[in-house]
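Mind the numbering: the sequence shown is residues 0 to 266 in numbering that gives the first Met the number 0, read in order. Positions of the beta carbon are idealized from the N, C-alpha and C atoms, including for glycine. Some notes on the structure that comes next.
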Amino acid sequence: MIDGDDNSPGNGICLLNSASAINCYVQKFLVGIYVENGGEVNECEVMFNIYGIKVENEASSTTKIKMKISNTYIHDNGDSGIYFFGIGQSPETSETSIEVVNVKSNNNGVRGMSFIGENAKLKVKVTDSETSNNYFGIWVAKVGENEAAVDLELDGISSRYNENFGVYVSSVTGDVKVKGAVNLYKNGLSGFYADDANVDIVVERRGALNSCGHLASGSLDEDIRSAGVGVATFSGNGYDTRAIVLVPIYPTSSPVILAPTAPSDDA
Numbered sequence: 000m001i002d003g004d005d006n007s008p009g010n011g012i013c014l015l016n017s018a019s020a021i022n023c024y025v026q027k028f029l030v031g032i033y034v035e036n037g038g039e040v041n042e043c044e045v046m047f048n049i050y051g052i053k054v055e056n057e058a059s060s061t062t063k064i065k066m067k068i069s070n071t072y073i074h075d076n077g078d079s080g081i082y083f084f085g086i087g088q089s090p091e092t093s094e095t096s097i098e099v100v101n102v103k104s105n106n107n108g109v110r111g112m113s114f115i116g117e118n119a120k121l122k123v124k125v126t127d128s129e130t131s132n133n134y135f136g137i138w139v140a141k142v143g144e145n146e147a148a149v150d151l152e153l154d155g156i157s158s159r160y161n162e163n164f165g166v167y168v169s170s171v172t173g174d175v176k177v178k179g180a181v182n183l184y185k186n187g188l189s190g191f192y193a194d195d196a197n198v199d200i201v202v203e204r205r206g207a208l209n210s211c212g213h214l215a216s217g218s219l220d221e222d223i224r225s226a227g228v229g230v231a232t233f234s235g236n237g238y239d240t241r242a243i244v245l246v247p248i249y250p251t252s253s254p255v256i257l258a259p260t261a262p263s264d265d266a
């Protein structure tokens with residue numbers, strides 16, 4: 000075990016340029032595991048830090064920097080369990096990626112998993128993983144006035160009992176592909192919330208987006224919600240919700256409520 004002292008300054012483990020951390024236990028640092036420009040974390044437990052695993056990737060057009068976190072338990076960190084940040088020149092020319100497989104990121108003070116871009120395209124794949132009892136479950140966003148695009152794949156996800164949203168996508172463009180079951184239950188606000196996000200959410204043939212039983216009342220009491228300037232689009236097979244609510248930019252207009260879509264052989 001790598002043991003700090005009540006959130007010691009600095010990093011418990013520092014990985015540079017595709018290095019790996021395997022079978023490590025890290026606790027009580029500012030950052031449990033810090034990764035710069037790609038690498039791998041496998042079979043680790045990361046707890047009681049400010050940030051559990053913090054990844055900073057410099058995206059480029061020539062090198063597709065990759066990061067993988069697998070078979071790892073991240074819990075009880077003060078901020079985010081996973082904090083992934085990709086920076087580049089523009090979303091059209093700069094790309095970076097992360098794959099999260101069989102990871103639990105629970106009981107963190109702010110977000111279970113954060114994926115944030117600055118002038119970059121983020122390719123994010125989350126499979127067979129859980130984000131529960133955080134302030135936010137999965138968070139995808141850009142930095143300030145910069146641009147960011149996302150290609151997000153969700154397959155076998157459980158995001159429950161988070162204080163705000165199960166999945167929150169803000170101010171990015173791109174695609175969200177639901178390739179397997181995505182179960183969003185009993186979060187404090189909506190299950191899936193797209194805020195000023197110009198994204199296409201597609202439930203593919205073997206996918207299912209199940210979002211039910213959330214605890215909010217009033218304007219945020221919807222299972223799936225899109226609001227703001229960039230209204231998301233929804234298509235594909237299985238939505239299990241009461242309704243999908245799309246709120247237009249004009250405050251005097253009424254929300255558009257869509258019934259869950261019927262199964263399609265083309266999705």
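Taking 8 Å as the threshold (C-beta atoms), are residue j and residue i in contact?
i: Gly179; j: Asn161; result: no
i: Asn209; j: Val175; result: no
i: Gly3; j: Gln26; result: yes
i: Ser131; j: Asn105; result: yes
i: Tyr192; j: Arg159; result: no
i: Ala119; j: Ser93; result: yes
By the 10 Å Cβ neighbour count, where 16 or more other Cβ atoms means buried, how is residue i classified, buried or exposed?
i: Thr232; result: exposed
i: Arg110; result: buried
i: Arg204; result: exposed
i: Pro250; result: Low confidence applies here, because Pro250 scores a pLDDT of 36, under 50, leaving its location unreliable; read the following figure in that light. Classification of Pro250: exposed, given that the 10 Å Cβ count is below 16.
i: Gly143; result: exposed
i: Ile21; result: exposed
Which value, in whole angstroms, describes the spacing of the CA atoms of residue i and residue j?
i: Gly77; j: Tyr50; result: 6 Å
i: Met66; j: Leu14; result: 11 Å
i: Ala18; j: Glu39; result: 7 Å
i: Gly173; j: Val54; result: 21 Å
i: Gly108; j: Ser89; result: 31 Å
i: Val139; j: Thr95; result: 14 Å
i: Ile1; j: Asn41; result: 15 Å
i: Lys141; j: Tyr82; result: 13 Å
i: Ser189; j: Tyr33; result: 31 Å
What residue range does the beta strand (DSSP E) around residue i cover?
i: Leu153; result: Ala147 to Arg159
i: Ala119; result: Ala119 to Glu129
i: Leu183; result: Ala180 to Tyr184
i: Gly85; result: Ile81 to Ile86
Provide the residue(s) that pair with residue i in DSSP beta bridges, ordered along the chain.
i: Ile12; result: Ile32
i: Ser96; result: Lys65 and Lys122
i: Val139; result: Phe114 and Val168
i: Asp310; result: What is shown of the chain runs 0 to 266, which leaves residue 310 out entirely.
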